[in-house]
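Take 1 as the starting number for the sequence shown in UniProt numbering and just add one per residue. Built from N, CA and C at the ideal position, the CB exists for glycine as well. Being a predicted model, the structure only gives us computed values, none of them experimental.
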Amino acid sequence: MWFDNLFERQARRAAQRVGRRSVLSTLGKAMVGGMVLPVLPFDRSAHAAAAHGARTGKPADETACDYWKYCAVDGFLCSCCGGTSTTCPPGTEPSKVSWVGTCRNPADGKDYMVSYNDCCGKTTCGRCECNTNERERPGYKLGVHNDVNWCMSNTSTMFHCTTSIILGVQE
């Protein structure tokens, strides 16, 4: 009996202090927050480190055409042109469109989806040219074909070099 009286008093106090609208507002915020939580960014650096050969103990040579994630690259490597394998050199910007390839990392035996983005805005770099057409698709499928000037959608259509960014791993 004392428990019922205590609960009733607490409920009446809460009802006097808090309105229905604020309760509904709080519940709505909690529901929206619960739906947004799964799309917040999270750290995938462990997968990226493994993909770059960190497990093997030897550093990856990102300036060599036989580096595993260059399996479908066609162009000059940005790692030789003032950028890295994942970033464009200063004075250039990534292409707004790109092509993709699926490359197997020999260090872990997994397949990775790699996005190849041309860097646009300067004249051609001219160093570390690679043209590896492993798993290349015919020219009528532009999204997976590497023989296109991907700078065509940028303000400056001059091609400088190509980056290769790991998008995901097949588990």
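Rounded separation between residue i and residue j - CA only
i	j	result
Ser115	Ala30	36 Å
Glu171	Cys103	14 Å
Cys78	Leu27	50 Å
Thr155	Thr162	17 Å
Met113	Cys125	25 Å
Arg17	Ala11	10 Å
Lys96	Met152	9 Å
Residues that DSSP places opposite residue i in a beta bridge
i	result
Arg116	Inspection of the sequence shows that residue 116 is occupied by Tyr rather than by Arg. Trp99, Ser164, per the DSSP bridge assignment.
Asn105	Lys110
Glu93	Cys120
Val169	Tyr112
N- and C-terminal bounds of the alpha helix (DSSP H) containing residue i
i	result
Asp4	2–17
Start and end residues, beta strand (DSSP E) containing residue i
i	result
Cys130	129–131
Gly75	74–76
Contact set for residue i: own chain, Cβ-Cβ below 7 Å, skip 5 residues either direction
i	result
Cys65	Cys130, Thr132
Gly91	Gly121, Lys122
Val149	First, the residue type needs correcting, since residue 149 is Asn and not Val in the sequence shown. Result list for Asn149: Thr157, Phe159, in chain order.
Cys71	Gly101, Cys103, Thr132, Glu134, Arg135
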